[in-house]
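Asks: Each step along the sequence shown adds one to the number in the UniProt record's numbering, with nothing skipped, and position 368 is 368. Where is the CB? At the ideal position from N, CA and C, for every residue including glycine.
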Amino acid sequence: MQTLYSILSISESADMHEIKSAYKRLAKKYHPDVNPNNPRAEALFKDILNAYQILSDPQSKKIYDDKLKYQRYEEQVRTYRTNVTRNYRRRSKNTFRPPNPFSKGGKHLSPEENKRATIYAFSIVMVIFVLVFITKTSYDWYNEYIFEKKLEPITQAMDDVGKKDTPEAFNEVFSAFASIPEKDRLAINWEWRRIEALNYLNQRADFHFEEQNYSRAYQLYNLYLDQGGVFLIRIGKNMIQCMQAIGNKKDLIKALERVAKADSTGVTVAFKTARIYLEDLNDTTKALSYFRLARKRIERSYEQIYGKAWFVIMPPRNVPDLHAEVYLNYGLLLLQKGYFLRARKVFSWLIYIRNLNPYGFLYRGYCHLEQNNMESACRDFRKAATLGNQEAYEEYKNFCL
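1. Ignoring anything shorter than 4 residues, give me the alpha helix (DSSP H) runs that lie fully in the region 10-56, in order along the chain.
2. Looking at Phe174: is its Cβ nearer than 8 Å to the Cβ of Gln241?
3. What does the Cβ neighbour count give for Gly236, buried or exposed, with the cut at 16 atoms within 10 Å?
4. Where does the unbroken alpha helix (DSSP H) through Asn389 begin, and where does it stop?
5. So which of Leu322, Arg317, Thr285, Leu281 has the shortest CA-CA distance to Arg295?
6. Please say whether Tyr330 and Val346 have beta carbons closer to each other than 8 Å?
7. Can you have a look at Phe291 and say buried or exposed, based on whether 16 or more other CB atoms are within 10 angstroms of its CB?
8. Using the rule of at least 16 other Cβ atoms within 10 Å of the residue's Cβ for burial, across every protein chain shown, is Gly388 buried or exposed?
9. Below 6 Å CB to CB, which residues in the same chain sit around Phe209 once its five sequence neighbours on both sides are set aside?
10. Could you give the first and the last residue of the continuous alpha helix (DSSP H) run that contains Arg344?
11. Distance, Cα to Cα, Phe311 vs His31?
12. Assign Val312 to one of three DSSP states: helix, strand, or coil.
13. Does DSSP put Ser376 in a helix, in a strand, or in coil?
14. State yes or no: is the C-beta of Ala324 within less than 8 Å of the C-beta of Leu293?
15. Count the other C-beta atoms from every protein chain shown that fall within 10 angstroms of the C-beta of Pro358, then say buried if there are 16 or more, exposed otherwise.
16. Using a Cβ-Cβ cutoff of less than 8 Å, which residues in the same chain neighbour Lys164 once the five nearest sequence positions on both sides are dropped?
17. Let me make sure I understand the geometry here. Which of Trp349, Ile351, Leu356, Arg364 has the alpha-carbon closest to that of Phe340?
18. Whether or not the region 7-14 and the region 50-61 are in contact is what I'm after, with contact meaning three or more pairs of Cβ atoms, one per stretch, closer than 8 Å; do they touch?
19. Do you know whose CA, among Arg300, Arg382, Glu303, Leu252, lies nearest Asn222's CA?
20. Go ahead and pull the three-state DSSP assignment for Leu293.
21. Enumerate in chain order the residues of its own chain whose CB-to-CB distance from Pro315 is below 8 Å, with the five nearest sequence positions on each side excluded.
22. The alpha helix (DSSP H) that contains Asp263, what's its start and end?
23. Do Ile233 and Ala262 come within 8 Å of each other at the CB atom, strictly closer than that value?
24. Out of Thr3, Ile276, Ala41, which has the shortest C-alpha to C-alpha gap to Leu68?
25. Check each candidate in Arg40, Arg342, Phe170, Ile195 and name the one with the smallest Cα separation from His368.
26. Where Ser179 and Glu257 are concerned, what is the direct C-alpha to C-alpha distance, given to the nearest angstrom?
27. Can you tell me where the alpha helix (DSSP H) with Glu168 in it begins and where it stops?
28. Can the beta-carbon of Ala384 be found less than 8 Å from the beta-carbon of Phe361?
29. Straight-line CA distance for Ala169 to Leu201?
30. So for Lys337, helix, strand or coil by DSSP?
31. Whole angstroms is fine: what's the gap from Lys397's alpha carbon to Glu370's?
32. Taking the beta carbon of Asp66 as the centre, do at least 16 other beta carbons fall within 10 Å, making it buried, or is it exposed?
33. For Glu214 versus Ala260, is the C-beta distance shorter than 8 Å?
Written out as structure tokens, the structure is:
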């Protein structure tokens with residue numbers, strides 16, 4: 001027999017922490033956003049959500065546990081009765097026959113009396129049936145009325161969304177969800193309905209993005225995330241494109257930061273974020289942190305491909321130009337902030353991967369110069385000058401001749 005505990009793959013003695021952990025693990029695995037267009041995953045997610053809603057509430061969990069015990073007791077009784085009946089049937093048939101109920105004092109009723117008795121019995125049965133039917137219908141109608149009354153704020157807000165399709169209308173929807181008392185949420189399947197509303201909000205944001213209505217798309221994506229929607233890299237990149245099209249630097253930074261933190265391997269977004277902080281906002285501290293983040297992700301990818309000795313094994317020709325640009329900008333900012341030793345190491349690596357580019361030699365020369373290492377500085381300036389850099393040639397003339 002399948003139980004709510006078996007749905008969450010936990011024992012019936014599991015505590016609240018184990019219940020929550022199981023729910024988080026299974027919800028993440030079968031969430032509709034992770035398994036789009038998968039009816040089986042959606043059905044499993046609904047079962048998991050229903051099991052969690054009941055078992056996470058102490059009162060509803062106690063009711064369910066009592067019901068489960070009773071069901072098992074009934075099963076035991078049913079099994080016992082089946083066994084008794086089977087044993088009974090093996091015995092010889094009893095020849096006893098009960099008296100005819102349609103006899104009067106041991107005498108047979110007349111046809112007229114028999115007819116009246118039948119009509120009387122049938123009338124009683126019909127009256128009972130009608131009473132039961134009316135009671136059941138009234139009870140169902142009342143429950144449906146109460147159910148619709150509880151849902152009324154949400155359904156009305158969803159109707160308004162269908163007409164207006166604005167961030168304000170969607171805000172009303174989630175305000176309506178928040179207005180439902182905790183005690184009524186389980187009865188109306190509140191969590192599942194809210195997830196459906198979030199999915200619809202995400203669909204509308206995607207629609208406006210495809211229609212190049214970038215301002216509205218960005219507003220709806222933001223609302224989706226603010227209301228607890230699952231952040232996907234696709235959504236973040238769409239938000240970045242929206243802000244690039246609109247030209248809003250402040251919101252572009254927010255979108256870039258969101259994606260940079262969510263995408264643990266993305267170098268491009270971290271690099272773009274650093275450049276905007278540096279060039280548009282003149283925030284060198286933030287820029288340095290994102291250049292450092294980009295560098296860490298680059299070197300993590302090298303280690304995954306070549307192992308821990310990647311800096312010895314990796315051929316320079318395999319380094320993309322974007323990675324070289326990250327090292328150049330990172331080293332320049334370290335040099336500007338006075339971290340000469342760290343900057344020198346970065347430029348030494350840049351020279352290794354781009355030994356025909358003069359800038360690694362030029363800026364490493366400046367690091368040596370700031371550390372009063374004139375011989376090394378002159379050697380780097382001379383090398384940069386021979387590679388065609390005029391600035392290095394001038395510095396060589398000023399300091400080395």
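Replies: With the structure as the only source:
1. Complete alpha helix (DSSP H) runs here, min 4: 16-30, 39-55.
2. 8 Å or more divides the Cβ of Phe174 from the Cβ of Gln241.
3. Buried: at least 16 other Cβ atoms inside 10 Å.
4. In the DSSP assignment, Asn389 falls outside any alpha helix (DSSP H), carrying neither H nor E.
5. Looking at the Cα atoms, Leu322 is the closest of the given residues.
6. The answer is yes: Cβ separation under 8 Å.
7. Buried is the call here.
8. Per the 10 Å Cβ criterion, exposed.
9. If we look at Phe209 and ignore the five residues flanking it on each side, its Cβ neighbours are Ala217, Asn238.
10. From DSSP, the alpha helix (DSSP H) with Arg344 extends over 340-353.
11. For Phe311 and His31, the distance between alpha carbons rounds to 40 Å.
12. Looking at Val312 - three-state DSSP - the assignment turns out to be helix.
13. Helix.
14. In this structure, Ala324 lies away from Leu293, with their beta-carbon atoms at least 8 Å apart.
15. Residue burial annotation: Pro358 is buried, with at least 16 other C-beta atoms found within 10 angstroms of its C-beta.
16. Excluding positions up to five away in sequence, the list is empty.
17. The option with the nearest alpha carbon to Phe340 is Arg364.
18. They touch, by the three-pair rule.
19. Residue Leu252 holds the alpha-carbon nearest to the alpha-carbon of Asn222 among Arg300, Arg382, Glu303, Leu252.
20. In the structure shown, Leu293 sits in a helix (DSSP, three-state: H, G or I).
21. Excluding its 5 nearest sequence neighbours in each direction, Pro315 has no C-beta neighbour in its own chain below 8 Å.
22. Per DSSP, Asp263 belongs to no alpha helix (DSSP H) and is neither H nor E.
23. A contact, by the Cβ cut-off of 8 Å.
24. Closest option to Leu68, Cα to Cα, is Thr3.
25. Taking only the C-alpha atoms, the option nearest His368 is Arg342.
26. When the Cα atoms are used, Ser179 and Glu257 turn out to be separated by approximately 32 Å.
27. Taken as a continuous stretch (DSSP letters only), the alpha helix (DSSP H) holding Glu168 covers 167-179.
28. Going by C-beta atoms, Ala384 is nearer than 8 Å to Phe361.
29. One C-alpha to the other measures close to 11 Å.
30. Lys337: coil per DSSP, three-state reduction.
31. Between Lys397 and Glu370, the C-alpha separation is close to 17 Å.
32. Sixteen is the threshold: since fewer than 16 other Cβ atoms of the shown chains lie within 10 Å of the Cβ of Asp66, the residue is exposed.
33. In the sequence under discussion, the amino acid at residue 214 is Tyr, which differs from the Glu named in the question. It is not a contact, given that the beta carbons lie outside the stated cut-off.
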